[in-house]
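These protein sequences, in sequence, are chains A and B.
Reminder that position 346 of the first sequence reads as 346 in this note's numbering, one-by-one numbering, no gaps.
Reminder that position 263 of the second sequence reads as 263 in this note's numbering, one-by-one numbering, no gaps.
What follows is a single structure, written as structure tokens, with notes after it.
Number of protein chains: 2
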Amino acid sequence: MDGGVIKRAGVTSFQVAEHAGVSQSAVSRTFTPGASISTKTRAKVLMSAKELGYRPNAIARSLITSRSRIIAVVMAYLENLFYPDVLEELGRLLAAEGYHLLLFTGFMDRDSDPVFDQLMQYQVDGIILASTSLSSELSDECATAGIPVVLFNRTTERDSVSSVTSRNREGGRLLADFLVAGGHKSFGYIAGIENSSTNRDRLGGFREQLLVHGVDELVIRTGNYSRVEAQVAAREMLSLPVRPEAIFVANDHMAVAVMDVARYEFGLSIPDDLSIVGYDDAGPARWPSYGITSVSQPVNEMTSATVDILLDQIHSGDMEPLHRIVSGELIVRSSARQPAAGVIEIDGRCLYRPSPGT
Amino acid sequence: MDGGVIKRAGVTSFQVAEHAGVSQSAVSRTFTPGASISTKTRAKVLMSAKELGYRPNAIARSLITSRSRIIAVVMAYLENLFYPDVLEELGRLLAAEGYHLLLFTGFMDRDSDPVFDQLMQYQVDGIILASTSLSSELSDECATAGIPVVLFNRTTERDSVSSVTSRNREGGRLLADFLVAGGHKSFGYIAGIENSSTNRDRLGGFREQLLVHGVDELVIRTGNYSRVEAQVAAREMLSLPVRPEAIFVANDHMAVAVMDVARYEFGLSIPDDLSIVGYDDAGPARWPSYGITSVSQPVNEMTSATVDILLDQIHSGDMEPLHRIVSGELIVRSSARQPAAGVIEIDGRCLYRPSPGT
DNA sequence: AAAAACTCTGCATACGCATGCAAAACGCTT
DNA sequence: AAGCGTTTTGCATGCGTATGCAGAGTTTTT
Numbered sequence: 001m002d003g004g005v006i007k008r009a010g011v012t013s014f015q016v017a018e019h020a021g022v023s024q025s026a027v028s029r030t031f032t033p034g035a036s037i038s039t040k041t042r043a044k045v046l047m048s049a050k051e052l053g054y055r056p057n058a059i060a061r062s063l064i065t066s067r068s069r070i071i072a073v074v075m076a077y078l079e080n081l082f083y084p085d086v087l088e089e090l091g092r093l094l095a096a097e098g099y100h101l102l103l104f105t106g107f108m109d110r111d112s113d114p115v116f117d118q119l120m121q122y123q124v125d126g127i128i129l130a131s132t133s134l135s136s137e138l139s140d141e142c143a144t145a146g147i148p149v150v151l152f153n154r155t156t157e158r159d160s161v162s163s164v165t166s167r168n169r170e171g172g173r174l175l176a177d178f179l180v181a182g183g184h185k186s187f188g189y190i191a192g193i194e195n196s197s198t199n200r201d202r203l204g205g206f207r208e209q210l211l212v213h214g215v216d217e218l219v220i221r222t223g224n225y226s227r228v229e230a231q232v233a234a235r236e237m238l239s240l241p242v243r244p245e246a247i248f249v250a251n252d253h254m255a256v257a258v259m260d261v262a263r264y265e266f267g268l269s270i271p272d273d274l275s276i277v278g279y280d281d282a283g284p285a286r287w288p289s290y291g292i293t294s295v296s297q298p299v300n301e302m303t304s305a306t307v308d309i310l311l312d313q314i315h316s317g318d319m320e321p322l323h324r325i326v327s328g329e330l331i332v333r334s335s336a337r338q339p340a341a342g343v344i345e346i347d348g349r350c351l352y353r354p355s356p357g358t
Numbered sequence: 001m002d003g004g005v006i007k008r009a010g011v012t013s014f015q016v017a018e019h020a021g022v023s024q025s026a027v028s029r030t031f032t033p034g035a036s037i038s039t040k041t042r043a044k045v046l047m048s049a050k051e052l053g054y055r056p057n058a059i060a061r062s063l064i065t066s067r068s069r070i071i072a073v074v075m076a077y078l079e080n081l082f083y084p085d086v087l088e089e090l091g092r093l094l095a096a097e098g099y100h101l102l103l104f105t106g107f108m109d110r111d112s113d114p115v116f117d118q119l120m121q122y123q124v125d126g127i128i129l130a131s132t133s134l135s136s137e138l139s140d141e142c143a144t145a146g147i148p149v150v151l152f153n154r155t156t157e158r159d160s161v162s163s164v165t166s167r168n169r170e171g172g173r174l175l176a177d178f179l180v181a182g183g184h185k186s187f188g189y190i191a192g193i194e195n196s197s198t199n200r201d202r203l204g205g206f207r208e209q210l211l212v213h214g215v216d217e218l219v220i221r222t223g224n225y226s227r228v229e230a231q232v233a234a235r236e237m238l239s240l241p242v243r244p245e246a247i248f249v250a251n252d253h254m255a256v257a258v259m260d261v262a263r264y265e266f267g268l269s270i271p272d273d274l275s276i277v278g279y280d281d282a283g284p285a286r287w288p289s290y291g292i293t294s295v296s297q298p299v300n301e302m303t304s305a306t307v308d309i310l311l312d313q314i315h316s317g318d319m320e321p322l323h324r325i326v327s328g329e330l331i332v333r334s335s336a337r338q339p340a341a342g343v344i345e346i347d348g349r350c351l352y353r354p355s356p357g358t
């Protein structure tokens, strides 16, 4: 009963070999780039393969090569359009290199263990961690297991694992310069997840540069990168007896929520009554209804750096952690009062680049 | 040289077996739910496994069971927040069932072949097609290959493959009722991808019901579900000698773009000068700055129906195509002039439910 | 024309696990 | 204590492919 039954989708290399009158090895070599095979037999095999509807079984191939050509991407949440954007670009880049993207999402801080287990079981070739809140043990453990890991938009203290970030500290400084130059006197900060490196750096740079300008007061509330928590934070901050003239919100995703609260719950006019600046230059920030003045994180540059590092490590087997830091720009829009000088237009975008002497 | 080398992460069931003093079969059975194994040996194996850091190799398991526990999700684009939302929920549901999500994105209409090849090679257990524009041949071909497929938010004429949609035709009708009841006299429609089923149905229902109200003129422009194309379409439509009083935009993603054009390029006040309604009730539609009156597509209901159907088909092997159609609500916000009657408030949401007799 | 240097090809094996089958161990009953 | 049924165990095999090795075939060199 094994000779007459035609299995649905189970065409194997043996059947193709038989049909083409060659050995199974020949079939395998036909589908292995760079293998030693003559043009003639290759053609024969390809013809038989097409006729039988054969496709190499990636699972079996993975088993023997111990390479799955699968990259795991771990993202905490997709609510923030910056991440879908990143995800799409990562997919594109990986596909171009013949890799595939296994998505893990929705795992915030706790419960990272099951995720990790899954990753390991699937023998993924590499891992991209774009989750701002995943325990750093996980990344260490992966590194130990010999699986290349790249942190996206995040770093750890111990630099045992590669990362790609933007100059968050400089971004924070630049925003401080911008707001001070714009004549603001009092400032607020709505934080992301407090122990995330991006949050620490953005706040650090902001506060540092405010100090340079002689400002040592900064009202802080926490929004944990969540829309609703940011709204709560905004309500608190705007209800203060004297509310800050300018608020730096740790990312655009929250900044949108904060703007909505300011406008529709407090009736404030932006930027006349209140200036708001954000970070990421993500989708909604660019929409005219928000027009958020924001420091950009260049998605293309960051994603391609990520994929480059990851694939390099996979192919070379070299585990030396690399850190790529890319530069963003302060993109000036309408959500914050502008300084008299320093705003220039390049390629249709308004940027803030204070002259060095100031 | 094979006996002394310790491979990085290559702990196999044999090594665990040896360490625990049992056979490899015992190890396998320990990690196979429902297999025949005594509590005692199971405990021994688990202990050894933990000590050696053993994890079953999912690839090898897949090879033998011919079940990968991987579901492919094909999405054309993530720019529209509705889809990231869906994606996240699908990930959650699949993870809960022990399945994983292989993401394919960025492939619009053409070039579906490579995607298909990849899918087949990875022996995915099922496919969720949330791409509004992928050729229907693909879905047929998968069905032929015996891989369960569910179309998400989309159907085909030949109902050879399962699908989950919402009542798009009814939604279109309801919007027509709503706008007519709101006193609008002239209407426009900004279309999605023209041959997509959702677009056809929404437009069909809208136009049909306008006719019922004696309106037979409808200005149509196409936005192809893309933000920039929707902007172009909006500019055209709003530049018309007599512009429509109300515009139905085929989804919220485009409606946001249209609102921005209307407000910031044409200086129109919404809803005083122009009413806009959308579809999906996606993220930005709910943000106060847009507040789009929109027919909802319940993400949770749709995703869980999708996963249910898919897993059912995988487990039963039954290929009978199922079609689940879920109901949405017309959620009333501020982007369109409201009718005098029919708007009711339930659970803090304003809905439009015209009394049947009208 | 023979030898040398390549290029192809098939054979055999291994990757890590699941599972049918038969033997062994166990728990009860008579 | 022997017989029976039930659970547990190990053996052996197979899933579909890649690849080292040796032999066959082909081209180049002397």
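Ideal placement from N, C-alpha and C gives every residue a C-beta, glycine not left out.
Model, not experiment: these values are computed from the prediction.
Chain B contact for residue i (CB, 7 Å cutoff)
i         : result
A:Thr-105 : yes
A:Pro-339 : no
A:Tyr-225 : no
A:Ala-60  : yes
A:Ser-38  : no
A:Arg-92  : yes
A:Gln-313 : no
A:Gln-297 : no
A:Leu-102 : yes
A:Asp-252 : no
A:Tyr-264 : yes
A:Arg-200 : no
Cβ-Cβ distance between residue i and residue j below 7 Å
i         : j         : result
B:Tyr-54  : B:Val-22  : no
B:Val-326 : B:Tyr-352 : no
A:Leu-101 : A:Val-73  : yes
B:Ser-304 : B:Asp-281 : no
B:Ile-147 : A:Ser-62  : no
A:Ser-162 : A:Pro-321 : yes
A:Phe-206 : A:Leu-175 : yes
B:Pro-288 : A:Asp-260 : yes
B:Ser-362 : B:Arg-337 : Since the first residue of chain B shown is 1 and the last is 358, residue 362 of chain B is not available in this structure.
B:Arg-69  : A:Gly-106 : no
A:Ile-190 : A:Arg-221 : yes
A:Arg-158 : A:Gly-204 : no
B:Thr-244 : B:Ser-334 : In the sequence as presented, Thr is not what sits at residue 244 of chain B; that position holds Pro. Taking 7 Å as the Cβ cut-off, B:Pro-244 and B:Ser-334 do not qualify as a contacting pair.
A:Val-150 : A:Ile-309 : yes
A:Ala-255 : A:Gly-278 : yes
Closer than 7 Å to chain A by CB, residue i
i         : result
B:Glu-320 : no
B:Asp-260 : yes
B:Gln-24  : no
Residues that DSSP places opposite residue i in a beta bridge
i         : result
B:Ala-76  : DSSP output for B:Ala-76 lists no bridge partner at all.
B:Ser-275 : B:Ala-246
B:Ala-49  : B:Ala-49 is not bridged to any residue.
B:Leu-101 : A:Leu-103, B:Ile-71
A:Ser-163 : A:Leu-151, A:His-323
A:Leu-175 : DSSP lists no partner for A:Leu-175.
Residue i Cβ short of 6 Å to the ligand GTP heavy atom set
i         : result
B:Gly-291 : The ligand GTP is absent from the structure shown, which contains no ligands of any kind.
Inter-residue spacing [alpha-carbon to alpha-carbon] between residue i and residue j
i         : j         : result
A:Ala-95  : A:His-184 : 47 Å
B:Leu-103 : A:Ile-127 : 15 Å
B:Asn-224 : A:Gly-328 : 31 Å
B:Asn-57  : B:Arg-286 : 44 Å
B:Met-75  : B:Arg-29  : 37 Å
A:Ser-355 : A:Gly-342 : 7 Å
A:Leu-311 : A:Ser-48  : 34 Å
A:Ser-316 : A:Gly-267 : 58 Å
A:Thr-65  : B:Tyr-99  : 24 Å
B:Gly-172 : B:Ser-269 : 24 Å
B:Leu-238 : B:Ser-131 : 30 Å
Cβ separation of residue i and residue j, assumed to be a contact under 8 Å, to the nearest whole Å
i         : j         : result
A:Ala-145 : A:Asn-199 : At roughly 29 Å, the Cβ-Cβ gap does not stay under 8 Å, so A:Ala-145 and A:Asn-199 are not in contact.
A:Pro-84  : B:Leu-90  : About 14 Å separates the two Cβ atoms, so there is no contact after all.
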